[in-house]
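J.:
Number of protein chains: 2
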Amino acid sequence: MSVRIAELSSTSGVPVPTIKYYLREGLLPSGEPTGRNQAVYGEEHLRRLKLVRALVEVGGLSIAVVGEIVATLDASAEVTHHVLGVVQRSIAPVTPPVDDRDADAEVAAFLARRGWAHMARDPSVLALVGVVATANRLGHHRFADLLDGYAEANVAIARRDLDYLVLNSKPDEVVEDMVVATVLGDAALKALRRLAQREASAGLLAEE
Amino acid sequence: MSVRIAELSSTSGVPVPTIKYYLREGLLPSGEPTGRNQAVYGEEHLRRLKLVRALVEVGGLSIAVVGEIVATLDASAEVTHHVLGVVQRSIAPVTPPVDDRDADAEVAAFLARRGWAHMARDPSVLALVGVVATANRLGHHRFADLLDGYAEANVAIARRDLDYLVLNSKPDEVVEDMVVATVLGDAALKALRRLAQREASAGLLAEE
């Protein structure tokens, strides 16, 4: 495959101005120049374009975050624990930083109960503290009680996530696959929680 | 409690210009007028302000969506199945609409396997179709296989969500509680998935 931008656009369904924007922002590598102001694009551009679009549209990630992820993908010839860490942090949930000792203590106690490492500056730990602090501020002091059951369910989810990566990824694609599975997985899990709530709530109403 | 806007700001931690913006957008009811351009605010303003802030900052919801939720809260003297439906739809995941028969069929087959109602226009079902279509476009054709395991985990999550509401909500607060639990729960679940992935992946690496 070696096509001009117009065809890259029609094949991918991404409008030409959007492709140019991604090129300017470095989310997409430059094409092969074929003349003044002309270039052609290949398979890897199409593949990258689909990934960027998925991260932006389904993942709801900002252009800046997608840029970080893409830079990590490009930099990593080999998969290392470090690279996986960078990717995971880029797509970590973000909550505003809080200074709330009660929430800190509740999250620390929860992590200790599970035997999970407590890395105080891990964005996911910070996000959890932010959520518990917000719940407390809203008077939902029992919210932290949900964490144990939620964690249990997520152990099962994470096991399936890793199985999926181990079974389906070629070695040079595992980082990209991890990004895709994490971002699409977040969206799928959110939808499934609502469907499961609806089914459970319909069941409760039927019993009454 | 009956305070001026400056004190409402210092108590809630929300800056005065943001409070004024929420007032203009109807996210916060007007205060009690006490003179030309002056008003006082009470407990219900503080409570509402905390809720709006949580939905925007932790939930990442747009002002428009928060406006819809707040309007539903204000309109519902009684909790009805209808009101719960409106709230759930307002905080549903959104993916761009897709026209993909394969993804439609995969999601329909998944719902049939679970025995879950298939409402084709339910935003959560649409979101699921969007996610599967995106995965297929990226060449992740096995992604739909994850849905069954994810659904299983979410049945456990939804059961805990409903228990939480039943145990903790006063009748006139159940809708607000549902909004809070859903939005804060989404953020908590996302963080916990990453922590569980990290623990599981550290375990795998240790075994090698």
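Protein chains in written order, with full-length UniProt numbering: chain A, 1 to 208; chain B, 1 to 208. We treat Cβ as the ideally placed atom computed from N, Cα and C, and that holds for glycine.
Using a 10 Å radius around the Cβ and a threshold of 16 neighbouring Cβ atoms, would you call aspartate 122/B buried or exposed?
T.: Buried: at least 16 other Cβ atoms inside 10 Å.
J.: List, in chain order, every chain B residue whose beta-carbon is nearer than 8 Å to that of residue 240/A.
T.: What the structure shows of chain A is the stretch from 1 to 208, and residue 240/A is not part of that stretch, so it cannot be assessed.
J.: Between the UniProt domain "HTH merR-type" (1 to 72) of chain A and chain B, which residues of the former have a C-beta closer than 7 Å to a C-beta of the latter?
T.: Correct list: Lys50, Leu51, Ala54, Glu57 and Val58.
J.: Whole angstroms is fine: what's the gap from valine 65/A's alpha carbon to alanine 135/A's?
T.: Answer to the nearest angstrom: the Cα atoms are 27 Å apart.
J.: Quick one: what's got a C-beta closer than 7 Å to alanine 188/A's C-beta in the same chain, skipping five residues either side?
T.: Once the five neighbours on either side are set aside, alanine 188/A has no close Cβ partner at all.
J.: Buried or exposed, going by whether 16 or more other CB atoms sit within 10 Å of the CB of lysine 170/A?
T.: Counting Cβ neighbours within 10 Å, lysine 170/A comes out exposed, since fewer than 16 surround it.
J.: Leaving aside the five residues before and after serine 124/B along the sequence, list all residues of the same chain whose C-beta is less than 6 Å from its C-beta, in chain order.
T.: Excluding residues within five positions, the ones whose Cβ falls inside 6 Å are Ala92.
J.: Look at proline 33/B and histidine 45/B and say whether their C-beta atoms are less than 8 Å apart.
T.: Taking 8 Å as the Cβ cut-off, proline 33/B and histidine 45/B do not qualify as a contacting pair.
J.: In or out: asparagine 154/A buried (at least 16 other Cβ within 10 Å) or exposed?
T.: Classification of asparagine 154/A: buried, given that the 10 Å Cβ count is 16 or more.
J.: At 4 residues or longer, and completely inside the stretch 27 to 80 of chain B: list those alpha helix (DSSP H) runs for me, N to C.
T.: With a minimum length of 4 residues, the continuous alpha helix (DSSP H) runs that stay inside the stretch 27 to 80 of chain B are 43 to 57 and 63 to 75.
J.: Would you call the stretch 139 to 147 of chain B and the stretch 38 to 52 of chain B touching, i.e. three or more CB-CB distances under 8 Å?
T.: The stretch 139 to 147 of chain B is not in contact with the stretch 38 to 52 of chain B.
J.: Examine chain B for any beta-carbon lying closer than 8 Å to the beta-carbon of alanine 105/A, and answer yes or no.
T.: It does not; no Cβ of chain B falls within 8 Å.
J.: Would you kindly check if the distance between the Cβ of valine 52/B and the Cβ of tyrosine 21/B is under 8 Å?
T.: Cβ atoms of tyrosine 21/B and valine 52/B: not closer than 8 Å.
J.: Does any CB atom of chain B fall closer than 8 Å to the CB of valine 179/A?
T.: Output row for valine 179/A: interface = no.
J.: So for valine 3/B, helix, strand or coil by DSSP?
T.: Three-state result, valine 3/B: strand.
J.: Have a look at leucine 111/B and leucine 55/B and give me their C-alpha separation to the nearest angstrom.
T.: So the two alpha carbons sit approximately 30 Å from each other.
J.: At least one CB of chain A closer than 8 Å to the CB of lysine 190/B: is that the case?
T.: With 8 Å as the cut-off, lysine 190/B counts as an interface residue toward chain A.
J.: Ignore the nearest five residues each way along the sequence and tell me which others in leucine 184/B's own chain have a CB closer than 8 Å to its CB.
T.: Answer for leucine 184/B: Ala54, Val58 and Gly59, listed in chain order.
J.: Tell me where the alpha helix (DSSP H) around proline 97/B begins and ends.
T.: Proline 97/B -> no alpha helix (DSSP H), and no H or E assigned at all.
J.: What residues in its chain sit with their C-beta under 7 Å from that of aspartate 177/B, if we drop five residues either side in the sequence?
T.: Correct list, in chain order: Leu165, Asn168 and Ser169.
J.: Can a CB atom of chain B be found closer than 8 Å to the CB of aspartate 161/A?
T.: Interface residue, yes.
J.: Taking buried to mean at least 16 other C-beta atoms within 10 Å of its own C-beta, is alanine 191/A buried or exposed?
T.: Result: buried.
J.: Which chain B residues are close to arginine 142/A, counting only those with a beta carbon under 8 Å from its beta carbon?
T.: Result: Tyr164, Leu167 and Asn168.
J.: Of all Cβ atoms in chain B, is any one closer than 8 Å to the Cβ of alanine 109/A?
T.: Judged by the 8 Å Cβ criterion, alanine 109/A is not in contact with chain B.
J.: How many whole angstroms separate the CB atoms of alanine 158/A and glutamine 197/B, which I take to be in contact at a CB cut-off of 8 Å?
T.: That belief holds up - the Cβ atoms of alanine 158/A and glutamine 197/B are roughly 4 Å apart, short of 8 Å.
J.: Counting C-beta neighbours from all protein chains within 10 Å, is the total for arginine 142/A 16 or more, i.e. buried, or is it exposed?
T.: So arginine 142/A ends up on the exposed side.
J.: Against chain A, does alanine 127/B count as a neighbour if the rule is that its beta carbon must be under 8 Å from one of theirs?
T.: Yes, its Cβ sits closer than 8 Å to a Cβ of chain A.
J.: For a contact defined as C-beta to C-beta under 8 Å, what are the partners of arginine 137/A on chain B?
T.: The answer, in chain order, is Lys50 and Ala54.
J.: Any beta carbon from chain A within less than 8 Å of alanine 75/B's own beta carbon?
T.: No, alanine 75/B does not count as interfacial toward chain A.
J.: Given that valine 98/B touches chain A, what residues does it touch there, using C-beta distances under 8 Å?
T.: Near valine 98/B there are no residues of chain A at all, since even the closest Cβ is about 10 Å away, more than 8 Å.
J.: Taking its Cβ as the centre, do 16 or more other Cβ atoms sit within 10 Å of aspartate 99/B, making it buried, or is it exposed?
T.: By the 10 Å Cβ count, aspartate 99/B comes out exposed.
J.: Under DSSP, the alpha helix (DSSP H) around glycine 130/A begins and ends at which residues?
T.: Its alpha helix (DSSP H) spans residues 123 to 137.
J.: Looking at the secondary structure, which residues open and close the alpha helix (DSSP H) in which valine 14/A lies?
T.: No alpha helix (DSSP H) contains valine 14/A, which DSSP labels as neither H nor E.
J.: Give a yes or no on whether the minimum CB-CB distance between lysine 102/A and chain B is below 8 Å.
T.: Going by the sequence as given, residue 102/A is aspartate instead of lysine. No, its Cβ sits nowhere closer than 8 Å to a Cβ of chain B.
J.: Just verifying my parser: in three-state terms, what is the DSSP assignment at glutamate 106/A?
T.: Helix.
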